[in-house]
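In the numbering used here, the protein residues as written are 22 to 457.
Ideal Cβ positions, reconstructed from N, Cα and C, are used throughout, including at glycine.
Structure, as structure tokens:
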Ligand code: EPZ
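So this is what it looks like as structure tokens:
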């Protein structure tokens, strides 16, 4: 067991290089199952979710060859397995993206069976839109006993028009993957428009698919018989970049956030400017500076191009340090994904949650404490708070953070932060008083 130990109060200076996008990688790796040939993927993030999915593909019979730390060659030509063996269930239950295997296996083999997915636990995460879309393509879907089973009596899925009742990144991705080799034309209406949706479409097209309209609210796919091998470089991670931008806002300083697509950060940059943070855009970087007091602000998360929900906890942590009253409203996830609020209150934050909103009264200084990473972005939020706080903050359960952030300690240390990762002897772990 490990934890982060942060000595806060130090402004951040220097340059941070952003890694490949986690939410693109966890869609593209399962999609490689569809390809008869070798996919060379570059700019992969070195995170545990990527490792988990590459392990699963290896179990399924794919040849996975790490060329270097961020480049992999995957050959699924000889993969035959469409039912995940029991020894893989612990892996597929761990991550959200394991359900993309359903779309890929259906598209490749006409059959699929895997466990229900895992992923960050911040409330109910239904999959009804995935089921609706795959059923419309001609699959018989069964969700029971903790498993998802799919079969296509016709042998090959058939294109159709699908209208998503809810804008869903996951459902958009799963349906796109399955429809890539379905017979005929598929039109998906009311789709998600996130950068990683466009990245998946570009990956599929570089492997011979015919996917158009990604990034708009309608995607049109003309099914092809087979996908061929090729090379593809993933986009940089919008949320990792936003997390470092938020850290500069909270801790102060001046940092060049490199290897980004500024367009993907527009909503975050705009909100930070509203909070008196300087954000200057370059071709493939943003310069973020904060040396005066923060201004308060309100924000509401929405599907892209709205303010990203995956930046909600991080921005709340910053607003806890902004004088005045701010409101953070969660517009994507029912239940609000506010589990991090309890941890910030341990650090002296004045923040109360009501329904889908967190009401924040900025304080002069947060103070270090022993806190937990409740999920991936909640973990990022307490790290940001620890960097800004007076004194020492210990962050436990960092396994969640390591799922989605490549070398977070190394990158923050290079910016002058006093943060280190230390072993936690089992007996000394803080008691979970609110167990249950
Ligand atoms: C993806 O989750 C991301 N995860 C999440 O990021 C992100 O918060 C979310 O998209 C929204 O951007 C990955 O890409 C691995 P959704 P996903 O389907 O696909 C409802 C992170 O921090 N919904 O877009 O599970 C759902 O309840 C993670 O990197 C249905 O009702 O999210 C939610 O209210 C956390 N039925 C909304 O849609 C469905 O069938 C958006 O969910 C599917 C979703």
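Cβ neighbours of residue 236 within its own chain (closer than 6 Å, five residues either side excluded): 214, 219. Counting along the chain, no alpha helix (DSSP H) covers residue 179, and no H or E run does either.
The C-beta of residue 427 has 16 or more other C-beta atoms within 10 Å across all chains shown, which makes the residue buried. Distances from the CB of residue 211 to the heavy atoms of the ligand EPZ are all 6 Å or more. Per DSSP, the continuous alpha helix (DSSP H) segment holding residue 335 begins and ends at 333-340. When only Cα atoms are considered, residue 249 and residue 326 end up about 32 Å apart. Taken atom to atom, the span from the alpha-carbon of residue 293 to that of residue 56 is near 41 Å.
Per the Cβ contact rule, the stretch 357-370 is not in contact with the stretch 285-300 (fewer than 3 Cβ pairs under 8 Å). Around the beta carbon of residue 410, 16 or more other beta carbons lie within 10 angstroms, which makes this residue buried. Boundaries for residue 294: no beta strand (DSSP E) harbours it, while the alpha helix (DSSP H) harbouring it runs 287-295, taken from the DSSP string. Taking the Cα positions, residue 416 is about 12 Å away from residue 368.
For residue 280, the CB contacts under 7 Å within the same chain, skipping 5 residues up- and downstream, are 38, 39, 257, 305 in chain order.
Here the C-alpha atom of residue 364 lies approximately 12 Å from the C-alpha atom of residue 373. Contact between residue 186 and residue 150 holds: CB atoms are separated by about 6 Å, below the 8 Å threshold. With contacts defined as CB atoms closer than 7 Å, residue 405 and residue 268 qualify as a contacting pair. The bridge partners DSSP lists for residue 57 are 249. Nearest neighbour of residue 420 by Cα position, chosen from 435, 86, 443, 200, turns out to be 443. Rounded to whole angstroms, the separation of the alpha carbons of residue 422 and residue 349 is 22 Å.
Excluding its 5 nearest sequence neighbours in each direction, residue 144 has C-beta neighbours in its own chain below 8 Å: 354, 355, 356, 357, 358, listed in chain order.
No Cβ-Cβ contact shorter than 7 Å links residue 221 with residue 343. By the Cβ test, the stretch 69-81 is in contact with the stretch 93-107, since at least three Cβ pairs between them sit closer than 8 Å.
Here residue 210 is near residue 239, since their CB atoms are less than 7 Å apart.
In chain order, 37 place their CB closer than 6 Å to the CB of residue 432, counting only its own chain and leaving out the 5 sequence neighbours on each side. In the structure shown, the three-state DSSP call for residue 86 is strand. Annotation for residue 320: the continuous beta strand (DSSP E) segment containing it runs 319-321. Beyond the five residues adjoining it in sequence on each side, residue 412 comes within less than 6 Å, by CB distance, of 388, 389 in the same chain, given in chain order. Taking the C-beta atoms as reference points, residue 43 is found nearer than 7 Å to residue 425. DSSP, reduced to helix, strand and coil, places residue 360 outside both helices and strands of the structure shown, so it counts as coil. Boundaries for residue 81: no beta strand (DSSP E) harbours it, and the DSSP string shows neither H nor E there. DSSP places residue 143 in the coil class of the three-state scheme, outside both helix and strand.
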